[in-house]
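All remarks here apply to the structure that follows.
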């Protein structure tokens, strides 16, 4: 526990370079391939769980945020007689889910360590490791997000389901939509990590993460319904949104949860998520391989 | 005051050394709030109005609060990053100098890239003023300027309060973001749309209401009588700032160096 408190005091969201590197280097050649990525995932996951104080502050902030957003939507809903495309309880649930799974859907939730690896030239060590870089980094980023969400989601979800009436989060309409929600949420996470890999890959070419980060976050978050929920957007914009993979990461699972999508729609959506995942991962890997072939190790 | 100008010019010149990076960041700051504004616009597109407020009126709110936020982030950045001064023990050095600590912390850092955000909200403000139905008088112009200034002072006050907490906690507290970023988020709509306790809290304790719906009602000519009273509400920001300075004083007296 003593290391826990020390670590959590020392940083916000950027992880310190922890002793897990040594560990990873020493386990030289595990017998099978997937196991290697699994152990990267496990180590990163436990080390990310250390940031409990930061997570607590995050919970308070997100709770406040959720409240403000819901109050704004309630005010909008009460001043119009038109039939809204998504009911208020569904929208409230949507907002709370967004706040609790923020770590699953925020593109700016980044690992500065990886950026530094590329820009300082330490990527050379990374290349010496057994296994493919794409898989390693993917597992690392995935674990970080999982841990971040795990720490934050429970307090928010529990508190939100005990709030008084207009603010209360509802349960999924039936068991099956709950199951579909979990599947789509996890698939959405996989898609999101695949998207965020592109940010890291782009740094190989640009050497500075800020440009691509800014583009991805501004465009991506808007298209993922983080600024306003996708069902509230005008029709033409929704058509644009569905052309991009971003809405599959955050918007889709939340609407499955609240029953805004029917079961067949949900099933088709999950298939499309799978297609996007395959497309994004294969292009990402190919791009990364190409980038690595012409990589210049920076500085000494 | 001369000293402050001196700080300003030094830091400005040092930031301009990295010209490309400066302009890139400034452009980023310029585009970032556009998505938020677009979101608000799409909501108005669908619902028409929000509790009787029209889009240009809300846009004035949005522009004023974003301008205030940008200016305070530019000038009071030193308080925002104050925890690093305490952690490294640099604050000791400020204490032995024969000038006030507020001035020195203020001068320790300026963030000029916020000019992008400022430019963006200025454009929004001009657009909103052109589209909202306001009969301009000199007093109304003064009120508008006061709103922006007072908003800046409120944000600066919150930043000072948050920095004061560092005297006890050493590390900066993220919770203060609820009041700065959260306040910005909240006050980009007229506060009246929220629940009553929220309105009360953000009018009487942290006076965002004084730069938000109260003077705005005056600008739009929606006050019944008491026009002057509404026009002068932005001064409430000053009232908030004074206790912040006092608390800062108390904090400085409690300061114990980390010794590093």
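Residue numbers (the numbering used here), protein chains in the order written: chain A, 61 to 360; chain B, 1067 to 1326. Each residue gets a CB set at the ideal place from its N, CA and C atoms; glycine is no exception.
Around residue 224(A), no beta-carbon contact reaches into chain B at under 7 Å, the shortest distance being about 11 Å. Along the region 259-276 of chain A, the positions whose C-beta sits under 8 Å from a C-beta of chain B are 270, 271 and 274, read in chain order. The Cβ-Cβ distance between residue 341(A) and residue 198(A) falls below 9 Å. It is roughly 36 Å from the alpha-carbon of residue 290(A) to the alpha-carbon of residue 1147(B). Annotation: the continuous alpha helix (DSSP H) that includes residue 154(A) extends over 148-160.
DSSP links residue 1119(B) through a beta bridge to 1116(B).
Sorting 1288(B), 1183(B) and 1305(B) by C-alpha distance to the C-alpha of residue 1091(B) places 1183(B) at the top. Contact annotation, residue 1070(B) with residue 1172(B): C-beta distance approximately 7 Å; criterion of less than 8 Å satisfied. Interface residue (Cβ-Cβ distance to chain B less than 9 Å): residue 124(A) is classified as such. By the Cβ-count criterion, residue 136(A) is buried, with 16 or more other Cβ atoms from all chains shown falling within 10 Å of its own Cβ. In the structure shown, residue 1241(B) falls within a coil segment according to DSSP collapsed to helix, strand and coil. Residue 1289(B) sits in coil when the DSSP states are folded into three classes, being neither helix nor strand. Between residue 1187(B) and residue 1300(B), the CB-CB gap reaches or exceeds 9 Å. Residues of the region 1126-1155 of chain B whose Cβ lies closer than 7 Å to any Cβ of chain A: none.
One thing to note: residue 213(A) has its Cβ no nearer than 9 Å to the Cβ of residue 140(A).
The Cβ-Cβ distance between residue 166(A) and residue 275(A) does not fall below 9 Å. DSSP places residue 215(A) within a helical segment (H, G or I) once states are collapsed to three. For residue 1112(B), the closest Cβ of chain A is nearer than 9 Å. A distance below 6 Å between beta-carbons, with the five flanking residues on each side excluded, links residue 348(A) to the following residues of its chain, in chain order: 194 and 261.
In terms of beta-carbon proximity, residue 117(A) lines the interface with chain B, with at least one pair separated by less than 9 Å. In this structure, DSSP gives residue 1104(B) a helical state, which the three-state scheme calls helix. A straight line joining the alpha-carbon of residue 1122(B) with that of residue 1244(B) spans about 26 Å. Taken atom to atom, the span from the alpha-carbon of residue 242(A) to that of residue 338(A) is near 19 Å. With 16 or more neighbouring CB atoms inside 10 Å of its own CB, residue 100(A) falls in the buried class. Think of a sphere of 8 Å around the beta carbon of residue 135(A): the chain B residues whose beta carbon falls inside it are 1116, 1117, 1255, 1259 and 1260, in chain order. When rounded, the separation of the alpha-carbon atoms in residue 162(A) and residue 1138(B) is 28 Å. Interface annotation, residue 120(A): in contact with chain B, CB-CB separation under 9 Å.
For residue 178(A), the nearest beta carbon of chain B is not closer than 9 Å to its own beta carbon. Here residue 1082(B) is exposed, its C-beta having fewer than 16 other C-beta atoms within 10 Å.
Taking C-beta atoms under 8 Å as the contact rule, residue 1274(B) and residue 1257(B) qualify, at a distance of about 7 Å. Between the region 142-149 of chain A and the region 199-219 of chain A there are fewer than three C-beta pairs closer than 8 Å, too few to call the two in contact. Residue-level contact check: residue 1123(B) does not touch chain A, since none of the beta carbons of chain A fall below 9 Å from its beta carbon.
With a cut-off of 8 Å on Cβ pairs, the region 115-131 of chain A is in contact with the region 217-227 of chain A, counting three or more such pairs.
Cβ neighbours of residue 1229(B) within its own chain (closer than 6 Å, five residues either side excluded): 1145 and 1148. If only uninterrupted alpha helix (DSSP H) runs of at least 4 residues are considered, those enclosed by the region 1165-1225 of chain B are 1167-1173 and 1181-1197. Nearest CB-CB separation between residue 1278(B) and chain A: not below the 9 Å threshold.
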